[in-house]
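Novice: The numbering used here applies: residue 90 is where the sequence shown begins, and numbers increase by one. We put the beta carbon where it would ideally sit given N, CA and C, even for glycine. Please read all numbers here as calculations on a predicted model, not as lab measurements.
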Amino acid sequence: MEFLYFPEDKTEYIPGIISVIVIFLLSLVIMWLLVRASRKQVQQLEDQGYTVTHNKDSDKKKES
90 MEFLYFPEDK TEYIPGIISV IVIFLLSLVI MWLLVRASRK QVQQLEDQGY
140 TVTHNKDSDK KKES
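(1) Could you check what DSSP says for proline 104 in three-state terms: helix, strand or coil?
(2) Rounded to whole angstroms, what is the Cα-Cα separation between leucine 114 and aspartate 136?
(3) Does the distance from the C-beta atom of valine 141 to that of valine 131 stay below 7 Å?
(4) From alanine 126 to aspartate 98, what does the alpha carbon distance come to, in whole angstroms?
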């Protein structure tokens, strides 16, 4: 018994490729929706009077 199965009929790969493409596209849509919702929440906070700062160096330690 062979450990890996590589079919000689390459059309068996088509359902796998289609499912990978669908999952990739769905993940892009979900990320887009999350970014959109995040921007909406930031706008709501700014409308309530809060100041929103984006600190890109939050992971770096401040040197004194």
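Specialist: This is what the structure gives:
(1) helix
(2) 33 Å
(3) yes
(4) 45 Å
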